[in-house]
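Residue numbers (the numbering used here), protein chains in the order written: chain D, 1 to 188; chain A, 1 to 188.
Below is one structure; the comments refer to it alone.
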DNA sequence: CCTACCGATCGGTAGG
DNA sequence: CCTACCGATCGGTAGG
């Protein structure tokens, strides 16, 4: 007797959707395409999912929750802001290399989330950003960081960390991490 | 007698399209929406443009050409790599602040360009990237830059420069430029 | 999980 | 620049 086989099928569909959304963008990806990728007729997809939007929601929220989980663990530790930032670099790379398609869709396609999921997603992001910024401002208070405006610096650094996940496969993870740490902490 | 009034109308349509593409993404933006923005019936748009794709092409190629023009001027000067990189920071901010919608569409929506325009666009980008990378490697040869891998460093820095053009309006240009220069040259 | 199908919306054209 | 309209494609449902 198989237990909840639908769970596995659904996961396969979500992963196929992530690959497609990444490649063509959410709006240019059709349910028919996703169905073909997993060997189903278009309408059969709906035995496993409620809607195309649900697929995007699962991808974006799962990834957002990974970031939240990670930053919560990092924030709680009794270490310097500099070490925390180093762990954040590592966290972003963990998530990006673990599942590149999810990471790219999370970065590039979240805006197509329907309400009320969009609000839920944005709240997670706002929470993440706040915790990230606190690490930066703590580091500045301690005299370890010397950026000028914490909002601008935060925006630049978060963008840097989410750098072209697109080209990720071309490089080894350790190389990327070394380079990011070098640039963030010492500059070019 | 009015001379070539269509040029102005077309420009207005392109700018409206850029605003819409930026806000909703290319695929989620309909010709009907663009027409409504400029006060025309949907079909009347086609008296001014050939297709929706043409609008995207104009936005992306015009912006790509601005970048090419800028880097060609910068590369020709007899100055250090560090000064060149500083001018590149300035170039990216010039283009971003001059027309944020064009800049964002250029960054986020270019992949929806149809062939053969996509290839033309990618060739411009490849040329730009090559010139940008040369400045970085020159700076390293001179011992002024200390990054590790020029491909990775280039990707990170270009991403940093194109940082959330999305939030640009929240900050003053000089502040952003100061912060970028600080982070790129000295680190956090 | 499939066959059959639907209403909505899309980019674009014909003809004036 | 408009009215009228078209074929294609979309997300999704009915019913088995």
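Ideal Cβ placement from N, Cα and C applies to all residues, glycine included.
Distance, residue j Cα to residue i Cα
{"i": "residue 30 of chain D", "j": "residue 113 of chain D", "result": "15 Å"}
{"i": "residue 139 of chain D", "j": "residue 177 of chain D", "result": "20 Å"}
{"i": "residue 70 of chain D", "j": "residue 185 of chain A", "result": "29 Å"}
{"i": "residue 23 of chain D", "j": "residue 101 of chain D", "result": "9 Å"}
{"i": "residue 2 of chain A", "j": "residue 10 of chain A", "result": "Confidence at residue 2 of chain A is low in this model, with a pLDDT of 45, below 50, so the placement of that residue should be treated as unreliable; the coordinate-derived value is given next. C-alpha separation (whole angstroms): 15 Å."}
{"i": "residue 134 of chain D", "j": "residue 79 of chain D", "result": "14 Å"}
{"i": "residue 123 of chain D", "j": "residue 181 of chain A", "result": "31 Å"}
{"i": "residue 155 of chain A", "j": "residue 103 of chain D", "result": "17 Å"}
{"i": "residue 187 of chain A", "j": "residue 26 of chain D", "result": "35 Å"}
{"i": "residue 43 of chain D", "j": "residue 167 of chain D", "result": "34 Å"}
{"i": "residue 76 of chain A", "j": "residue 76 of chain D", "result": "51 Å"}
{"i": "residue 105 of chain D", "j": "residue 83 of chain D", "result": "28 Å"}
Nearest candidate by alpha-carbon position, reference residue i, set the options
{"i": "residue 153 of chain A", "options": "A:176, A:90 and A:85", "result": "A:85"}
{"i": "residue 63 of chain A", "options": "A:96, A:32 and A:167", "result": "A:96"}
{"i": "residue 17 of chain A", "options": "A:9, A:34, A:8 and A:24", "result": "A:34"}
{"i": "residue 72 of chain A", "options": "A:20, A:24, A:178 and A:132", "result": "A:132"}
{"i": "residue 60 of chain A", "options": "A:125, A:36, A:37 and A:90", "result": "A:125"}
{"i": "residue 53 of chain D", "options": "D:157, D:109 and D:99", "result": "D:109"}
{"i": "residue 116 of chain D", "options": "D:57, D:141, D:49 and D:174", "result": "D:57"}
{"i": "residue 37 of chain D", "options": "D:47, D:8 and D:19", "result": "D:19"}
{"i": "residue 8 of chain A", "options": "A:28, A:47, A:32 and A:183", "result": "A:47"}
{"i": "residue 169 of chain D", "options": "D:45, D:157, D:158 and D:98", "result": "D:98"}
Under 9 Å from the C-beta of residue i: neighbouring residues of chain D
{"i": "residue 110 of chain A", "result": "Neighbours of residue 110 of chain A on chain D: none; closest Cβ ~11 Å, over 9 Å."}
Contacts that residue i makes with chain A (C-beta to C-beta distance below 9 Å)
{"i": "residue 178 of chain D", "result": "148, 149 and 152"}
Distance between beta carbons of residue j and residue i, contact taken as under 8 Å
{"i": "residue 160 of chain D", "j": "residue 160 of chain A", "result": "5 Å"}
{"i": "residue 81 of chain A", "j": "residue 130 of chain A", "result": "Incorrect: roughly 15 Å between the Cβ atoms, too far for contact."}
{"i": "residue 149 of chain A", "j": "residue 179 of chain D", "result": "6 Å"}
{"i": "residue 49 of chain A", "j": "residue 107 of chain A", "result": "Between residue 107 of chain A and residue 49 of chain A the Cβ distance is about 22 Å, and since that is not below 8 Å, they are no contact."}
{"i": "residue 118 of chain D", "j": "residue 173 of chain D", "result": "In fact, because the Cβ distance is near 31 Å, the residues do not count as touching under 8 Å."}
Neighbouring residues, chain D, relative to residue i (Cβ below 8 Å)
{"i": "residue 25 of chain A", "result": "25, 27, 111 and 112"}
{"i": "residue 175 of chain A", "result": "148, 149 and 152"}
{"i": "residue 167 of chain A", "result": "155"}
Cβ shell of residue i (< 8 Å), same chain only, five flanking positions each side left out
{"i": "residue 39 of chain D", "result": "none"}
{"i": "residue 68 of chain A", "result": "124, 127 and 128"}
{"i": "residue 147 of chain D", "result": "136, 140 and 153"}
{"i": "residue 151 of chain D", "result": "133"}
Contact set between residue i and chain A, taken where Cβ atoms lie within less than 7 Å
{"i": "residue 185 of chain D", "result": "187 and 188"}
{"i": "residue 145 of chain D", "result": "188"}
Close beta carbons around residue i, own chain, < 7 Å, minus the five adjacent residues each side
{"i": "residue 87 of chain D", "result": "74"}
{"i": "residue 90 of chain A", "result": "177"}
{"i": "residue 121 of chain A", "result": "60, 61, 64, 110 and 113"}
{"i": "residue 158 of chain D", "result": "132"}
Proximal chain A residues relative to residue i, where beta-carbon distance stays under 8 Å
{"i": "residue 171 of chain D", "result": "149, 151 and 152"}
Contacts around residue i, its chain only, beta-carbon distance under 6 Å, and the 5 residues preceding and following it disregarded
{"i": "residue 21 of chain D", "result": "29, 105 and 109"}
Chain-ordered chain D contacts of residue i [CB-CB under 7 Å]
{"i": "residue 159 of chain A", "result": "159, 160, 163 and 164"}
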